[in-house]
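Encoded as structure tokens, the structure appears first; notes follow it.
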Amino acid sequence: MGRAAKPLRTMAVGLLGLLVCGAWLAWPWLMLAAAAGLVPWLLASPRGRHALAIARLGMASIPQRLGATSVVVVGIAGVVGVLVGLLAMAEGFQAALGSTGDDQTAIVLRAGANTEISSGLDRAAITLIGQAPGVQRDTHGVPIASAEVVVVANVPKRSTGTDANVQVRGVGPQAWALRPEVKLVEGRRFRPGLRELVVGRGAQTQFRGLTPGHSIRLNNQDWQVVGVLESGDTRESEIWGDAESVAGAYRRSVFQSVTVRLAGPRALDVLKAALAADPRLRVDVETTRSYYSKQSERLTTTLRAIGIGVAAIMALGAIFGALNTMYAAVAARGREIATLRALGFSGLPVVVSVMLETMALALLGGMLGAGIAWAVFHGYTVSTLGESFSQVVFQFQVRPALLLQGLQWALAIGFFGGLFPALRAATVPVTVALREL
Amino acid sequence: MKFLPLLLAGLLRKKTRTLLTLLSVAAAFALFGMLDAVRVAFNAPQTVTGIDRMVVASRFSIIQPLPYSALNRIQAVPGVRSVTYANWFGGVYQDPKNFFPNIAVEPASYLQMYPEIVLPRDQRRAFLGTRTGAIVGASLARRFGWKVGDKIPLQATIFPRAQGDNLWVFDLVGIFHASVPELKGVEQQMLFRYDYFDEGRQFGHGTVGWYIVRVDDPAHADRVAKAIDRMYANSADETKTESEREFQLSFAKQIGDIGLIVSAIMGAVFFTLLLLTGNTMAQSIRERIPELGVLKTIGFSNRAVLLLVLGESVLLLVLGGLGGLLLARVTLPVLGAATSGQLALAMATRSWWLGLGLMVLIGLFVGLPPALRAMRLSIVDALAGH
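Line order of the protein sequences matches chains A and B. Be aware that the first sequence starts at 20, since it is given in the working numbering, and climbs by one per residue. Be aware that the second sequence starts at 54, since it is given in the working numbering, and climbs by one per residue.
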């Protein structure tokens, strides 16, 4: 082979490797099926059996070069661990906000307001919205609607002791009927007109002093915590009280939002049209599902981008590490491989065997990293500042899909890191390899 | 210095291996550079500018305004040199995704309070003389292609206009720069006039979001803060006065423990790096034992051999690491442009020094075991190749 051909060949292999890795990341099942197609070849054909035999030899020599091999395993474990950890954070945040709200309830805000906290609706508007067509009424003919006062209070965080913004929601009497997913798990509901609070489970774990029986200070007044609520969504980050009491305490004459139960599948359009037609109102209406999913969009996208970006850079480092290790491994076994080739083993089984070895190490690293990420992060509760200037409590969600994504990355790194060393092992002229060392 | 060719020869002995190691060191330090920029940004840059500034905000909640009447009372507190105020506007330009801070301020006192906002003299005059005037940071202007003379419409999210609509229009009269690169964050801001804002809004007249106080002497800041808070204790408008840095830090803390996340990632990265370079160095020395034997034979002392090996590993780390930091330095502005200025991060000088320190430290750490081995080699064994 001419000297000029070598860089060309390396480039071609590199491109091929990139294509395979890209395809693997994009259509993992397709590629897995293709890989499964290789198994009969490995087991049945003579060349396949040769490859397996060489791979077994290679793996048997791993204990002799434990240090070098651990570079591949630990490097890939690091990439996968960081990737899974950061994506689990994004997943958890999205799960908390994305599961909030549904298509049967709608939220009404002042036109232009993008969050409840920046909205404001006066009492006249509240009444008009409650009476509008499209709003479901209960058996007594009362609209199922809750006009709510949303404010942000400073409550110290347990972990740091510094003040954090907690969302305090003053709700109307229909709030519990409006949101059947909210369940009281401890204590009792607050009584209207009193300074009593029901706190979310998440808020209770993250902030100080939110235990039933205790009282906290909101705007310089003592408020009694009387119960704990659970809902499986972002309500658990909130503190609930009576709307009139909260409005009074914060000297508010306006409400922030009205949430209504819709009377039927077409009710949203009816309600929208009715409110838009009323010249006394300037409001926006949307389903609570769309309102809350918008709230998670920005942070989730950012977290995902950071996770993948950081992991990609780490993956580059890990590929270089794997290349180094496998080059060394191939060099150490150079004579042995050359002997095999001199005996008549062809190049393909050598390539396949080195690839098999690298992929096995990569898989091990991937499982290690994913396992550590799962053990450390799954269910880990944190809180961060959401769109509405207040804390959203959520849990890291290490889903099986994420673990699989981690393994996918691990194998891609292993594939790329094994490709060139495998090729070198198979193409070094036998005479040169036998003379080396 | 005369050993440099020898060090380089050691590194160039196996070019592929050295190149791959250098690249993985570079990847690790590129990540370090970028993450450290994030950490610095969240830790509120520590500069001399602003050390004498304090923020007075409502003690109850970030959304609770303070009365305008507090201005004169705070001004009268002994130890206070000057006071200005600001109000968060939260307006949206075209699309909610185009987030940037837009704040109503009292122009003259605000610009005086923030010397890091560098505005040309004529533009400053125009700002003071135009009621509907607004000034924006250079990064923000670049992001939306604004130039002086443009009209900028903002959609209000919190403050509708008295007429009931949400459309506020501002005249862009100036574009400012940050005085030091560490404070480039301010170039994302848009500032406009409080008088125009307060007159035009539907509700909340006569209140401001927060006050900024400059004290005569930073050493007395604590006493002044206590005096202001005591003045409003048990009133409807209790205040919380803290240094500007503390104020910013409390925001960063609310977002989460960024420092912890960054350290965790860097821990994973550097642990891998230690293993990787350590392995490379050990391997490379193992292969060169006979050569080291020759060096000793021709008169290199044990110490010289030790230093040679240590030097080689430090050189490897420093070369790769500097490459990585350089890469981060080049990538960050690209990243900033790609996210239309949302991720405008810059590498602080401290990050370079910290990075350099880490390179040398890791270099010494991974070089030490093979270096000790090389030092203790007896010539006879080494020449025999064991």
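Cβ coordinates follow ideal geometry from the N, Cα and C atoms, glycine included. The model shown is predicted, which means the values in this text are computed figures rather than measured ones.
Look at the Cβ atom of Gly63 of chain B, then the Cβ atom of Arg341 of chain B, and state whether they are nearer than 9 Å.
-> yes
Reduced DSSP category for Gln243 of chain A - H, G, I as helix; E, B as strand; rest coil = strand
If we count the other Cβ atoms within 10 Å of its Cβ and call it buried at 16 or more, is Leu27 of chain A buried or exposed?
-> exposed
Curious, which full-length beta strand (DSSP E) runs of at least 3 residues does the segment 72-151 of chain A contain?
-> 124-129
Where Leu59 of chain B and Glu365 of chain B are concerned, what is the direct C-alpha to C-alpha distance, given to the nearest angstrom?
-> 9 Å
Ends of the alpha helix (DSSP H) at Gly257 of chain B?
-> It is not in any alpha helix (DSSP H) - Gly257 of chain B carries neither H nor E in the DSSP assignment.
Starting from the Cα of Ser89 of chain A, find the closest Cα among A:Leu342, A:Phe413, A:Phe408 and give me that residue.
-> A:Leu342
Within 9 Å (strictly less), CB to CB, does Tyr310 of chain A reach chain B?
-> no
Report, in whole angstroms, the separation of the C-beta atoms of Glu215 of chain A and Gly260 of chain A, which I expect to be a contact under 8 Å.
-> 7 Å
In DSSP terms, what Met400 of chain B is bridged to | Paired residue(s): none; Met400 of chain B is not in a bridge.
By a C-beta neighbour count over all protein chains shown, 10 Å radius and 16 as the cutoff for buried, is Lys293 of chain B buried or exposed?
-> buried
Would you please verify whether the beta carbon of Lys176 of chain A is less than 9 Å from any beta carbon of chain B?
-> yes
Which residues, taken in chain order from the segment 403-424 of chain A, show a beta carbon closer than 8 Å to some beta carbon of chain B?
-> Thr403, Leu404, Phe408, Gln410
Proximity winner among B:Ala390, B:Pro271, B:Leu313, B:Leu359, relative to Met107 of chain B (alpha-carbon distances) | B:Pro271
Same chain, Cβ closer than 6 Å to Gly21 of chain A, five either side skipped, listed in chain order | Residue placement at Gly21 of chain A cannot be trusted, given a pLDDT of 48 that sits under 50; what the coordinates show is reported in the next sentence. Closer than 6 Å at Cβ, skipping near neighbours: no residue.
Looking at the unbroken alpha helix (DSSP H) that takes in Gly338 of chain B, where does it start and where does it end?
-> The residue you asked about is not Gly; residue 338 of chain B is Ile in the sequence shown. 311-340 is the span of the alpha helix (DSSP H), which, as asked, contains Ile338 of chain B.
Measuring CB to CB, does Val304 of chain A end up less than 9 Å from Leu318 of chain A?
-> no
Give a yes or no on whether 9 Å exceeds the smallest Cβ distance from Thr333 of chain B to chain A.
-> yes
Since Lys306 of chain B meets chain A, which of its residues come closer than 7 Å, beta carbon to beta carbon?
-> Thr179, Thr181
Following the continuous beta strand (DSSP E) through Ser372 of chain A, name the residue where it begins and the one where it ends.
-> First-last for Ser372 of chain A: 366-396, but that is the alpha helix (DSSP H), not the beta strand (DSSP E).
Interfacial residues, the segment 272-292 of chain B to chain A, with Cβ spacing under 8 Å = Asn287, Ala289, Glu291
Just how far apart, CA to CA, sit Met78 of chain A and Leu430 of chain A?
-> 17 Å
According to the neighbour-count rule (16 or more other Cβ atoms, all chains shown, within 10 Å of its Cβ), is Met400 of chain B buried or exposed?
-> buried
Residues of chain A with a CB under 8 Å from the CB of Ala80 of chain B: which are they?
-> Ile332, Met333, Leu335, Gly336, Phe339
With a cut-off of 9 Å, does the C-beta of Ala231 of chain B fall near any C-beta of chain A?
-> no
Quick one: using the 10 Å Cβ neighbour count with 16 as the cut-off for buried, is Pro298 of chain A buried or exposed?
-> exposed
Can you check the segment 209-236 of chain B for any alpha helix (DSSP H) of at least 4 residues that lies completely inside it and give the ranges in chain order?
-> none
Are the segment 66-81 of chain A and the segment 362-373 of chain A touching by the rule of at least three beta carbon pairs closer than 8 Å?
-> yes
C-alpha distance - Pro234 of chain B paired with Met412 of chain B, whole-angstrom precision | 25 Å
Going by CA-CA distance only, name the one from B:Phe56, B:Thr74, B:Arg276 that's closest to Tyr346 of chain A.
-> B:Thr74
Per DSSP, which one or two residues make a beta bridge with Arg280 of chain A?
-> A:Thr124
Examine chain A for any beta-carbon lying closer than 9 Å to the beta-carbon of Ile351 of chain B, and answer yes or no.
-> no
Take Ala179 of chain B as the anchor and find which of B:Ala161, B:Glu169, B:Arg298 has the nearest alpha-carbon.
-> B:Ala161
Using a Cβ-Cβ distance under 9 Å, would Arg112 of chain B count as near chain A?
-> yes
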